[in-house]
Structures are given as structure tokens and as C-alpha cells.
Amino acid sequence: MKKETIKITGMTCAACAARVEKVVSKMAGISDASVNFATENLSVEYDETETSRQKIDEAIEKAGYGTVEVTTINEVTIPIGGMTCASCSARVEKVLNKLEGVTAATVNLATEKATVHYDSQRVKLSAIKQAIEKAGYQALEIEKKTAVDEDKLRKEKEIRTLKTKLIVSASFGIPLLYLAMGAMIWWLRLPIPSFLEPMEYPLTYAIVQIILVIPIIIAGHRFYSVGFKA
6 MKKETIKITG MTCAACAARV EKVVSKMAGI SDASVNFATE NLSVEYDETE
56 TSRQKIDEAI EKAGYGTVEV TTINEVTIPI GGMTCASCSA RVEKVLNKLE
106 GVTAATVNLA TEKATVHYDS QRVKLSAIKQ AIEKAGYQAL EIEKKTAVDE
156 DKLRKEKEIR TLKTKLIVSA SFGIPLLYLA MGAMIWWLRL PIPSFLEPME
206 YPLTYAIVQI ILVIPIIIAG HRFYSVGFKA
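Counting with this note's numbering, you get residues 6 to 235 for the letters of the sequence shown.
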């Protein structure tokens, strides 16, 4: 059995999470599947002889959602003591790049620091420091450690996109609401242009409403498509 955590995109409510969970759970070879809506993560356990990650991704996409790779790449800057020449920095760099789980490592002799990109699921920070020590140098106190937060950037981009779609929908939705309901709010008596009077010009009245509703449907197609599939 293989366990994986898959990041799900496109979920907007608990019902979406439940739908993804239901779709994946019904697949052959899946022994366990659970979706955390708060973190947008799907935890799944499956038999690789019966199904695969690709098939799981395809099932999720068919349900109207998306998947992205969960990154575990971290970046750390380690001050190094004991280096006296370019050969020293080259040796440390070579040692670090040979470590399994290290995707890139560079050593700056002038600043006496090593910048390391590594997969935290494959190698621990302590192992990186030990490798430096074994090479004959000192791994000093780490001054900076940051996670490459691709998920945060993706989420911010998604929020910006939704805000833009909201503005577009509101720009056309408010006039549509005014036109469709204005005459029915008798206590306000909202005026409607004479050429849009539904009783006198029903065709024009209908066409204008259709024109106004099209951008709203386009901006919100994501919600409609998921809803229809549900």
C-alpha cells in the first residue's frame, strides 16, 4: 500500500470536499481516502497494482476539481566555519550536493555561507549539518531558514482571480437586478428607460437581460460546472 497527500484545487465548500472523497473512495485499489477542506489536502492510501497517482488525478479532474504537487522543498542558509580557501568551499559544496534529497547547494567563500535547497521528506537538516562536520568544517548556528511556500502563492493568485470575477459579476449583476426587479419594488418606484418597458418592448427587454447575464455566467462557470457534475 502506498500513502500520498494530494493538494486539491477548486473546492469552495465542505460539499466539494465530500464529493472528492466519495469519488476517490469508489476507485478500485483505494483502501482509504479522506479530504481536509481547511488544508485542501487529500490523504489517500492505495494499491499500486490496481491504481496509480495518475488515475486518481484524472478522477478528481473529471469530478470538476484540480490537483497540484505538494512541495516539500526548503531553503536554508548555513554559516560555515573552518574554510580557508576556494578548495574548502568547493569540497563542502561537493559533499552537500551528493546528499540524497539535496536539490541544489552553493557555498560562498567570501561570506562563509552555504545555501542549500533540500527535500525535507528525504533528508533532515541535522543530516546536512553532520555532512559538513564530517567534511572537517563547522556548521554554525543557522541564521535563516525559509520554506518555499508555493501553496501560499497559488492561493493568493486564486483569491485575486476570484476577486476579479466578483467585480465582473457585480458590474453586470447590479444592472440586471435593477432591470429585472426595479419595477416590482413598488415602494421605491425605480425608473426604467421607456425603450426597456417589458410590456411595450418585450423582445428588447429580454435581449438586454441576456446580454447582461452572459458575462455573469462566464465569470462563474467554475461553480456551475462543479454543481452540474455533483
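In this text, a Cβ means the ideal position worked out from N, Cα and C, and glycines have one as well. Just so it is clear, the structure is predicted and the values come from calculations on it, not from any experiment.
Annotated three-state conformation of Gly178 is helix, per DSSP. Rounded to the nearest whole angstrom, the C-alpha separation of Lys170 and Ala119 is 44 Å.
In the displayed model, Ile164 falls within a helix according to three-state DSSP. Restricting attention to Leu181, Thr111 and Lys27, the CA atom closest to the CA of Val40 is found in Lys27. Gly71 sits exposed, since fewer than 16 C-beta atoms from the chains shown fall within 10 Å of its C-beta. In this chain, the alpha helix (DSSP H) harbouring Glu26 covers Ala19 to Ser30.
Per DSSP, reduced to three states, the secondary structure at Asp52 is coil, with no helix or strand assignment. Contact between the stretch 48-64 and the stretch 23-37 is present, with at least three C-beta pairs closer than 8 Å.
Fully enclosed alpha helix (DSSP H) runs of no fewer than 4 residues occupy 91-103 of the stretch 62-115, in order along the chain. Sorting Val100, Leu167 and Leu130 by C-alpha distance to the C-alpha of Lys139 places Val100 at the top. Inter-residue distance for Asp124 and Thr111 is about 16 Å (C-alpha atoms, whole angstroms). For Lys8, the three-state secondary structure derived from DSSP is strand.
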